[in-house]
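> What follows is a single structure, and I will ask about it in a moment.
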Amino acid sequence: MPSKYAFLIEKYDHFYRYPEQYRMKPFKIFGNLYFVGNADVGSYLIDTGDGLILIDTTYPTTRALLVQSIWEAGFNPGEIKYILHTHGHFDHFGGTQLIVSLSGAKTFLGAPDAEMFRQRPEMALISDTRYTYLELFTPDVELKDGDIISLGKTSIRATATPGHTMGVMTYIFDVADGKEIHTAGLYGGIGVNTLCRDFIDNYGNMNYRNFYLDSLEKVRGEKVDILLGNHTEQNSTKKKYEEMRDNPAEKNPFIQPHEWNDFLDFATELFNRMLRDEEAGTDQI
Ligand SMILES: [Zn+2]
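Its first residue numbered 4, the sequence shown is counted upward by one per residue in the working numbering.
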């Protein structure tokens with residue numbers, strides 16, 4: 004019996020076969036920050052004033068949607084200068100090679116995940132995609148804790164938050180609309196699918212569990228007032244988008260100072276619940 008916390012290929016089968024059904028219109032979140040992902044996975048475009056930064060490139064099967072969304076948001080994918088990745092799983096780098104071929108963009112990935120690509124390439128989980136043509140990329144920059152990535156008027160601080168993978172990077176940066184400035188935060192990965200019993204039995208990565216909670220605590224208290232999600236359910240992207248579209252005169256629903264810590268609480272509970280279920284033997288389906 005598989006763990007209910009495992010990544011279930013069947014659940015995503017429809018997604019892989021019919022990616023166009025997961026299309027979302029791109030939109031401006033605030034100021035120079037845009038959503039260009041799909042209904043499942045986030046991808047963010049930042050107009051730095053001196054070229055574009057893209058964070059994450061979605062699934063290999065949705066990369067055409069990503070290119071379309073970047074154009075529709077008003078930008079040329081060929082003008083992307085940097086591609087940052089939250090971590091080294093296929094659903095966050097599926098379009099990277101395509102965007103690099105269009106733009107020559109420089110790629111960034113947490114150093115431990117670059118090492119994972121070299122030593123344990125199967126842990127990028129490409130075999131889960133049913134799109135096994137996807138190849139790993141070699142990042143131009145292997146990020147370390149505390150690195151700052153600067154382009155134009157944008158500076159993105161990368162904080163190492165290992166747990167979901169050892170190279171998860173959390174990105175925090177200011178976004179601006181004229182004189183109004185807010186701070187966006189994208190926690191780089193909270194899934195416990197890589198920490199559940201089945202996965203650990205398969206890959207032998209018991210040590211991941213030692214980092215998960217400490218990483219959440221490490222970024223607690225950051226002054227983030229725009230929570231981004233590397234999967235859209237983490238920050239209710241679709242609901243907020245619809246609110247913004249239907250009530251453009253109302254306060255921007257993405258600006259919520261309490262959401263960052265609420266999200267860290269949610270991830271803490273996700274992990275603890277998995278451990279409790281495992282203890283009780285109720286983690287199997
Ligand atoms: Zn992942």
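Quick reminder that beta carbons are idealized off the backbone N, C-alpha and C, glycines included.
Could you say which of His92, Ser6 and Asp43 lies nearest to Leu69 if we only look at CA atoms?
For this step, residue 69 is matched to residue 66 along the sequence shown. Checked all of His92, Ser6 and Asp43; the closest Cα to Leu69 is Asp43.
> Measure the Cβ-Cβ separation of Gly2 and Gly170 and say whether it is below 7 Å.
Examination of residue 2 is not possible in this model, given that the chain is present from 4 through 288 alone.
> Counting only the same chain and skipping the five closest in sequence on each side, list residues whose C-beta sits under 6 Å from that of Tyr244.
Start at 1 with the first residue of the sequence shown, and residue 244 comes out as number 241. These residues qualify, in order along the chain: Phe30.
> Leaving aside the five residues before and after Arg223 along the sequence, list all residues of the same chain whose C-beta is less than 7 Å from its C-beta, in chain order.
Indexing the sequence shown from 1 puts residue 223 at position 220. Excluding positions up to five away in sequence, the list reads Asn264 and Leu267.
> Which residues bound the beta strand (DSSP E) around Leu289?
An answer regarding residue 289 cannot be provided, because it is not within the stretch 4 to 288 covered by the chain.
> So, for Arg200: in the same chain, excluding its five sequence neighbours on each side, which residues have a beta-carbon less than 7 Å away from its beta-carbon?
Here residue 200 refers to the residue found at position 197 when the sequence shown is read from its first residue. Ser6, Glu281 and Asp286, listed in sequence order.
> Contact defined as beta carbons within less than 8 Å: I believe Thr65 pairs with Pro115. What is the distance between those atoms, to the nearest angstrom?
Start at 1 with the first residue of the sequence shown, and residue 65 comes out as number 62. Start at 1 with the first residue of the sequence shown, and residue 115 comes out as number 112. The Cβ separation is near 26 Å, so there is no contact.
> Span of the beta strand (DSSP E) holding Phe78?
Taking the first residue of the sequence shown as 1, we reach residue 78 at position 75. Per DSSP, Phe78 is not a residue of any beta strand (DSSP E), being assigned neither H nor E.
> Would you mind stating whether Leu128 and Phe111 have Cβ atoms separated by less than 7 Å?
As a first step, residue 128 is located in the sequence shown; it is residue number 125 there, counting from the start. As a first step, residue 111 is located in the sequence shown; it is residue number 108 there, counting from the start. No, Cβ-Cβ distance for Leu128 and Phe111 is not below 7 Å.
> Roughly how many angstroms separate the alpha carbons of Arg26 and Thr235, rounded to a whole number?
Mapped onto the sequence shown, residue 26 falls at position 23. Mapped onto the sequence shown, residue 235 falls at position 232. Cα-Cα distance, rounded: 12 Å.
> Which partner residues of Ile159 appear in the DSSP bridge assignment?
Walking along the sequence shown from the start, residue 159 turns up at place 156. Paired residue(s): Ile152 and Phe176.
> Anyone know if the C-beta pair for Glu145 and Ala117 falls short of 7 Å?
The residue given as residue 145 occupies position 142 in the sequence shown. The residue given as residue 117 occupies position 114 in the sequence shown. Cβ distance < 7 Å, so Glu145 and Ala117 count as in contact.
> Is Gly232 near ligand 1, judged by its Cβ being under 6 Å from some heavy atom?
As a first step, residue 232 is located in the sequence shown; it is residue number 229 there, counting from the start. Answer for Gly232: no, Cβ out of range of ligand 1.
> In three-state DSSP terms, what is Leu68?
Numbered from 1 along the sequence shown, position 65 holds the residue referred to as residue 68. Correct three-state label for Leu68: helix.
> Any heavy atom of ligand 1 closer than 6 Å to the CB of His92?
Taking the sequence shown and counting its residues from 1, the one referred to as residue 92 is at position 89. Checking the Cβ of His92 against ligand 1 gives yes.
> Between Gln71 and Lys28, what straight-line distance do the alpha-carbon atoms span, to the nearest angstrom?
For the purposes of this step, residue 71 is taken as residue 68 along the sequence shown, with counting starting at 1. For the purposes of this step, residue 28 is taken as residue 25 along the sequence shown, with counting starting at 1. Gln71 and Lys28 have their C-alpha atoms spaced approximately 9 Å apart.
> Can you tell me whether Gly45 is buried or exposed? The criterion is at least 16 other CB atoms within 10 Å of its CB, across all chains shown.
Residue mapping note: residue 45 aligns to position 42 of the sequence shown, counting from 1. Around the C-beta of Gly45, 16 or more other C-beta atoms lie within 10 Å, and the residue is accordingly described as buried.
> I want to check one thing, is the minimum distance from the CB of Gly192 to the heavy atoms of ligand 1 below 6 Å?
In the sequence shown, the residue the question calls residue 192 occupies position 189. Checking the Cβ of Gly192 against ligand 1 gives yes.
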